[in-house]
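First the structure, in the form of structure tokens, and then the observations on it.
Residue numbers (this note's numbering): 20 to 225.
So, in structure tokens, the structure goes:
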């Protein structure tokens, strides 16, 4: 299936990139980049959104111990507000790529979606790549598990918002918390729904 999507002979040194967290009202956007060896056991992989949390964690550990190279990078809520979510996502992808490129040779980058970051190597967007390309599947798993872990930490730091339950996405519970308590320091202030409350105060932002 992979060879039908692009022409590259031989098919090697592929870096897959994917992100997690473009849609939430809070938290950073996370990007991961992964290069896999030829003998990697792909049976553990899949679209991260369709895997159970336990399967993602098993796959995450295997990817980190068996990948040729991998990296996870971030763009903060502040950077998202300053740049917009698309540019911040591309920035996180560039950061992840740079870490992997420092560790191994990259011949081509395959990115999930329909847009690509500006990189110093050939780069191709693959729509629904996280269900088609093993390297993108692996990147998707690393990005999601890393971001979920961050949001679980955030739940302990700011327990009023229920971050461990919705991971920052705009659930009814999350919107109600934003209305009641105003934003916390990891909320994306430019996102609709975050500043819906007139009760926001300087104290809330500390």
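Even for Gly, the Cβ is constructed at its ideal location relative to N, Cα and C.
Same chain, Cβ closer than 6 Å to residue i, five either side skipped, listed in chain order
i	result
residue 165	49 and 91
residue 181	192
residue 26	With a pLDDT of only 46 at residue 26, under the threshold of 50, the placement of this residue in the model should not be trusted; the figure read from the coordinates follows. Nothing meets the Cβ criterion.
residue 66	149 and 150
Sequence-distant residues of its chain with Cβ nearer than 7 Å to residue i (five each side left out)
i	result
residue 177	203
residue 138	113, 116 and 128
residue 196	179, 180 and 181
residue 20	Residue confidence for residue 20 is low, a pLDDT of 42 falling below 50, so the modelled location carries little weight and cannot support an answer.
Alpha carbon of residue i to alpha carbon of residue j, nearest angstrom
i	j	result
residue 136	residue 102	14 Å
residue 183	residue 75	16 Å
residue 155	residue 212	31 Å
residue 38	residue 175	24 Å
residue 53	residue 100	27 Å
residue 94	residue 185	19 Å
residue 143	residue 205	32 Å
residue 40	residue 124	28 Å
residue 122	residue 194	42 Å
residue 126	residue 145	16 Å
Terminal residues of the alpha helix (DSSP H) in which residue i lies
i	result
residue 77	72-85
residue 100	96-102
residue 197	191-200
residue 161	153-176
residue 184	182-185
CB-CB length for residue i against residue j, believed under 8 Å
i	j	result
residue 89	residue 161	6 Å
residue 158	residue 36	5 Å
Residue closest to residue i, alpha-carbon to alpha-carbon, out of the options
i	options	result
residue 152	73, 142 and 131	131
residue 69	187, 205, 147 and 188	147
Chain-order list of residues whose beta-carbon lies under 8 Å from that of residue i (same chain, five-residue window excluded)
i	result
residue 171	182 and 183
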